[in-house]
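> With the working numbering as the guide, the letters of the sequence shown map in order to residues 1 to 226.
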Amino acid sequence: MSRVLIISDTHCPGMRRGYVDFLKRVAERWNINRVVHIGDLVDWASISFHEKSPSLSNATREYQKARRQVASLARAFPKADWLIGNHDALTERQALTAGLPVQVLRDYQDMWDIGWRVHPRFSKLQIDGVIYSHGDCGRGGQDAAFKQAKDNFRSTVVGHFHSQAGVRWWANPEFRVFGMSVGCGIDSSKLQFDYGRKLSAKPILGCGVVIDGQRPVFEPWLLRSR
Ligand SMILES: [Fe+2]
């Protein structure tokens, strides 16, 4: 049986300083034996399809900065499952837009020099009967994890929704399932997250833990300044 740590959206180079140490503390507290990065390990703001600030780093600089943060995560957690999120996939999405076959791209492990097991975009990874997915395929809106768990007929853990965190259960006479959103690990003061200034719902910092597929916990990151 597994004791899973779920690393939330980190959007490197926009990961908040101290997040890796927070994750290490949680991993120790729960005696974790398996790690899942729920997706959006990296941000790729410089090549996104959205309107962006002209003051952002260019793609080369962003890649270099992101590599350093990714390396710090990989040092702390050398083995993990990584679910490719919509931001991680921006290189293949841009290649597709340009008409390039994805086979010409470097694979994700090579691109980020990381030994994690990669699960392609929209994968549903199952551990002890619980589904782990990035969260961008399936229903969104409020309580997205809960709605996706009902749709899956299975307990489900998602990231992607930075301002959603926590566990909600649902049961009928035959089944009982939970949906858990795991917040994020981003530093919202960074320019790449400027779009969030107009949103009333703010990022919730933390990570997830699931014990033996039965006991989901959202661990909030308690910062003195909040
Ligand atoms: Fe995402």
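Note that CB positions come from ideal geometry on N, CA and C, so glycine has one too. Quantities reported herein were computed from a predicted structural model and do not represent experimental measurements.
#1: Just mark Leu41 as buried or exposed, buried being the case when its beta carbon has 16 or more other beta carbons within 10 Å.
#2: Could you round the C-beta distance between Leu83 and Cys207 to whole angstroms and report it? I think they count as a contact, below 8 Å.
#3: Taking Tyr132 as the reference, which of Arg215, Gly141 and Gly179 has the closest Cα?
#4: Does any heavy atom of ligand 1 sit closer than 7 Å to the C-beta of Gly85?
#5: Can you check whether the CB of Gly14 is closer than 8 Å to the CB of Lys190?
#6: Using the rule of at least 16 other Cβ atoms within 10 Å of the residue's Cβ for burial, across every protein chain shown, is Ala98 buried or exposed?
#7: Could you tell me whether the Cβ atoms of His119 and Asp81 are closer together than 8 Å?
#8: Report whether the distance from the Cβ of Asp43 to the nearest heavy atom of ligand 1 is below 7 Å.
#9: Would you say the beta carbon of Leu37 comes nearer than 7 Å to a heavy atom of ligand 1?
The structure says:
#1: Taking the first residue of the sequence shown as 1, we reach residue 41 at position 41. That one is buried.
#2: Within the sequence shown, the letter at position 83 stands for residue 83. Within the sequence shown, the letter at position 207 stands for residue 207. Not quite, the Cβ-Cβ distance comes to about 14 Å (not below 8 Å), so this is no contact.
#3: Counted from its first residue, the sequence shown places residue 132 at position 132. When each option's Cα is compared against that of Tyr132, the closest is Gly179.
#4: Taking the sequence shown and counting its residues from 1, one reaches residue 85 at position 85. Flag set: Cβ of Gly85 near ligand 1.
#5: Counting from one through the sequence shown, the residue named residue 190 turns up at place 190. Counting from one through the sequence shown, the residue named residue 14 turns up at place 14. Their beta carbons are under 8 Å apart, which means Lys190 touches Gly14 by this criterion.
#6: The residue you call residue 98 lines up with position 98 of the sequence shown. Ala98 is exposed by the Cβ-count criterion.
#7: Working through the sequence shown from its first residue, we reach residue 119 at position 119. Working through the sequence shown from its first residue, we reach residue 81 at position 81. For His119 and Asp81, yes; Cβs fall inside 8 Å.
#8: Position 43 of the sequence shown holds residue 43. Checking every heavy atom of ligand 1 against the Cβ of Asp43, none is found closer than 7 Å.
#9: In the sequence shown, counting from the first residue as 1, residue 37 sits at position 37. According to the sequence provided, residue 37 is His. The question's Leu does not apply to it. No, Cβ of His37 sits at least 7 Å from all heavy atoms of ligand 1.
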